[in-house]
Amino acid sequence: KIKEFENILITNVDHLEFFKDKKYNLYLDNSFNVFNSYTLKTLEENGILGINLSNELSLQQIENIQATNNSKLEVDVYGNLQAMYSNFCVLKATGNCGFCKNIKYNLVDRKGKKFPCLFNNIGCTMQVLNADKLFSKEAITKLSGKVEYMRLYVYDETKEELEEIATNIKQIVS
């Protein structure tokens, strides 16, 4: 089945090694924590066509990164970003395996902030998302034209919310 694809999004070094000689267009997820032009250049020289830059970069740092071989840069501009990935599923550990199919869960911190949880009921893994949604109008404005792609993480937004987000982004980049 994988032969039917042209583009592959790589999330870890093992996958990069596996796919690098197989004639796919390779793109790296932000899990690679690409922080600077030197790393970007090395990845470009190894055939990487697109890179989602680290979420830990400031806007100024992103603006200073120089792509050299026409690689496509991507940044995250909207949504609840992943705070943690776990091979440990709290629902399974409490004897409630399978409950994730029908109910939304949050981890709540001592200040009452709710961190949405996403569950993979096949592998019994989970992601904990950041409690606060990212929506950086300034980043969208300043990086329009500098980066090729801007990623939105959409989990439970309504149709109306998605339309509003799309309208806001169109107004910013126009």
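Each residue of the sequence shown is one higher than the one before, counting from 29 in this note's numbering. Ideal placement from N, C-alpha and C gives every residue a C-beta, glycine not left out.
{"Item": "Of the residues 41, 50 and 120, the one placed nearest residue 32, counting alpha carbons only", "Value": "50"}
{"Item": "Supposed contact pair residue 102 and residue 78 - C-beta distance, whole angstroms, cut 8 Å", "Value": "6 Å"}
{"Item": "Own chain residues within Cβ distance below 8 Å of residue 114, not counting five before or after", "Value": "153, 154, 155 and 156"}
{"Item": "Closest Cα partner of residue 146 within the set 62, 162, 66 and 118", "Value": "118"}
{"Item": "Nearest residue (CA-CA) to residue 95, options 112, 175 and 107", "Value": "175"}
{"Item": "Bridge partner(s) assigned by DSSP for residue 33", "Value": "Its beta-bridge partners do not exist; DSSP assigns none."}
{"Item": "Residue of 202, 168, 199 and 128 minimising C-alpha distance to residue 86", "Value": "168"}
{"Item": "Helix, strand or coil at residue 134 [DSSP, three-state]", "Value": "strand"}
{"Item": "Residue 142 to residue 111 span [Cα, whole Å]", "Value": "12 Å"}
{"Item": "Supposed contact pair residue 171 and residue 182 - C-beta distance, whole angstroms, cut 8 Å", "Value": "So it is not a contact: roughly 19 Å between Cβ atoms."}
{"Item": "Pair within 7 Å by beta-carbon distance, residue 44 and residue 38", "Value": "yes"}
{"Item": "Residue 60 burial status per 10 Å Cβ neighbour count (16 or more: buried)", "Value": "buried"}
{"Item": "Cβ-based burial, residue 131 [other Cβ within 10 Å; buried from 16]", "Value": "exposed"}
{"Item": "Whole-angstrom C-beta distance between residue 64 and residue 83, which should lie under 8 Å", "Value": "The Cβ separation is near 15 Å, so there is no contact."}
{"Item": "Reference residue 48; option with closest CA among 62, 106 and 72", "Value": "72"}
{"Item": "Residue 105 beta carbon less than 7 Å from that of residue 81", "Value": "no"}
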